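Visitor:
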Amino acid sequence: MEKAAKEIKELKGFLPRSIAYAGQINEDFAEGIAGLYKAIWEEREDGLSIKHKHLIVFAVACSSNNIQSAVKILERLHKFGATRTEINDAMMLAAWTGGVQHFTDFSAAVLKEMEKLGY
């Protein structure tokens, strides 16, 4: 798992828990999950940028009321230069797709983290 872990750490900035857990079960399983991460997050010509991929997963996390992930993704969005307007748009899309109740639930934590990050 050493090679896979290193590649994904470089790509994502951290080692996803799923790869670490898979490595405890089976080396090939960990390599397979790492390959999935790499295929999804790697930038491709004419594809989505890393920032835009993070905006999408941020909106999905918010719309599914996964507050912990949404806050964590905000740090990545900050690193990749997302603007406050882009984040606000993603939050509004999350409210549209996940409902106003989820918006109410995730907004307090997300807005607090945005303030911490200087948005």
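Numbering (numbering that gives the first Met the number 0), first residue to last: 0 to 118. The C-beta atom is built at its ideal place from N, Cα and C for all residues, glycine as well. All of these numbers come straight from a predicted model, not from anything done at the bench.
#1: What does the Cβ neighbour count give for Ser62, buried or exposed, with the cut at 16 atoms within 10 Å?
#2: Between the Cα of Glu85 and the Cα atoms of Lys71, Met113, Ile18 and Tyr20, which residue gives the shortest distance?
#3: Residues in its own chain within less than 6 Å of Arg75 by CB, not counting five upstream and five downstream?
#4: Leaving out five residues before and five after Lys8 in sequence, what residues of the same chain have Cβ atoms less than 8 Å from its Cβ?
#5: Cα-Cα, which of Val109, Leu116, Ala93 and Leu35 is closest to Phe79?
#6: Using only CA atoms, which one of Ile72, Asn64 and Lys71 lies nearest to Trp95?
#7: With distances taken between CB atoms, is the gap from Ala38 to Ala29 smaller than 8 Å?
#8: Val99 to Met90, Cα distance in whole Å?
#9: Do Leu73 and Phe57 count as a contact pair if the criterion is CB distance below 8 Å?
#10: Roughly how many angstroms lie between the CA atoms of Lys71 and Ile18, to the nearest whole one?
#11: Please list the terminal residues of the continuous alpha helix (DSSP H) segment that includes Ala19.
Guide: By the coordinates alone:
#1: buried
#2: The residue with the shortest Cα to Cα distance from Glu85 is Met113.
#3: His53
#4: By the criterion of a C-beta distance shorter than 8 Å, Lys8 is surrounded in its chain by Leu14, once the five residues flanking it on both sides are discounted.
#5: Leu116
#6: Asn64
#7: Not a contact, by the Cβ cut-off of 8 Å.
#8: 11 Å
#9: yes
#10: 18 Å
#11: The continuous alpha helix (DSSP H) containing Ala19 extends over residues Arg16 to Ile24.
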